[in-house]
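This report refers to the structure that appears directly beneath it.
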Amino acid sequence: MSERLRLLDQALELGQQELACLAEGDVDRTSELARQREALMREAWETEEGQSSDLQLLAAKLHRLRDLQGELTTEARRLHFELREEIQKTKKKGRGFSGYGHAAKINLGFSNRFINKLG
Numbered sequence: 001m002s003e004r005l006r007l008l009d010q011a012l013e014l015g016q017q018e019l020a021c022l023a024e025g026d027v028d029r030t031s032e033l034a035r036q037r038e039a040l041m042r043e044a045w046e047t048e049e050g051q052s053s054d055l056q057l058l059a060a061k062l063h064r065l066r067d068l069q070g071e072l073t074t075e076a077r078r079l080h081f082e083l084r085e086e087i088q089k090t091k092k093k094g095r096g097f098s099g100y101g102h103a104a105k106i107n108l109g110f111s112n113r114f115i116n117k118l119g
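Okay, structure coming up:
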């Protein structure tokens, strides 16, 4: 197997791990794997092989990488939507709690500046 195909296989494996981490919500690990996958793909692209490798096999791997990228994008959008919904729910709860805070304040009817605080 040529070096280029080996690198693309490694990139595919990393992409599958990346998809699993993204589904679990582990964004930090996903980001790290994405950087590693990018480096492997860049290295595969820049690899100069003296012999012509099997172009059909190379094209098939590139198509699989493209499909995997589509799955990653779909999963990232789903996670983004869930996070946005969660933030909106949290904002609504915060507004509700602040409403309770305003309702619970007691108005004494007179100003505190006229009370002798020294004794």
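Going by our numbering, 31 is the number at position 31 of the sequence shown; the sequence numbering is gapless.
The beta carbon of each residue, even a glycine, is placed where N, CA and C say it ideally should be.
Proximity of arginine 65 and leucine 8 at Cβ, strictly below 8 Å: One-based indexing of the sequence shown puts residue 65 at position 65. One-based indexing of the sequence shown puts residue 8 at position 8. Note on identity: in this sequence residue 65 is leucine, with arginine being the wrong assignment. Contact check for leucine 65 against leucine 8 passes: the beta carbons are separated by less than 8 Å.
For leucine 14, three-class secondary structure by DSSP: Translated into the one-based positions of the sequence shown, residue 14 becomes position 14. In the displayed model, leucine 14 falls within a helix according to three-state DSSP.
Short Cβ contact (8 Å threshold) for leucine 22 with glutamate 75: Stepping through the sequence shown from its first residue, residue 22 is reached at position 22. Stepping through the sequence shown from its first residue, residue 75 is reached at position 75. Yes; because the gap between Cβ atoms is below 8 Å, this pair is in contact.
Residue from Gln69, Leu5, Leu68 and Glu13 whose Cα sits closest to the Cα of glutamate 46: The sequence position of residue 46 within the sequence shown is 46, counting from 1. Nearest C-alpha to glutamate 46: Leu5.
Whether leucine 12 touches leucine 68 by CB criterion (8 Å): Walking along the sequence shown from the start, residue 12 turns up at place 12. Walking along the sequence shown from the start, residue 68 turns up at place 68. When the beta-carbon positions are compared, leucine 12 and leucine 68 come within less than 8 Å of each other.
Serine 31 (DSSP reduced to helix, strand or coil): The residue you call residue 31 lines up with position 31 of the sequence shown. Helix.
Minimum C-alpha distance to glycine 15 - residue among Ser2, Gln36, Glu3 and Val27: To locate residue 15, count along the sequence shown from 1; it is residue 15. Residue Gln36 is the option with its Cα nearest to glycine 15.
Three-state secondary structure (DSSP) of aspartate 9: In the sequence shown, counting from the first residue as 1, residue 9 sits at position 9. Helix at aspartate 9.
Glutamate 24, buried or exposed, once every other Cβ within 10 Å from all chains shown has been counted against 16: On the sequence shown, position 24 is the one that residue 24 refers to. Its Cβ having fewer than 16 others within 10 Å, glutamate 24 is exposed.
Distance, alanine 39 Cα to lysine 92 Cα: As a working note, residue 92 is residue 92 in the sequence shown. As a working note, residue 39 is residue 39 in the sequence shown. Cα-Cα distance, rounded: 42 Å.
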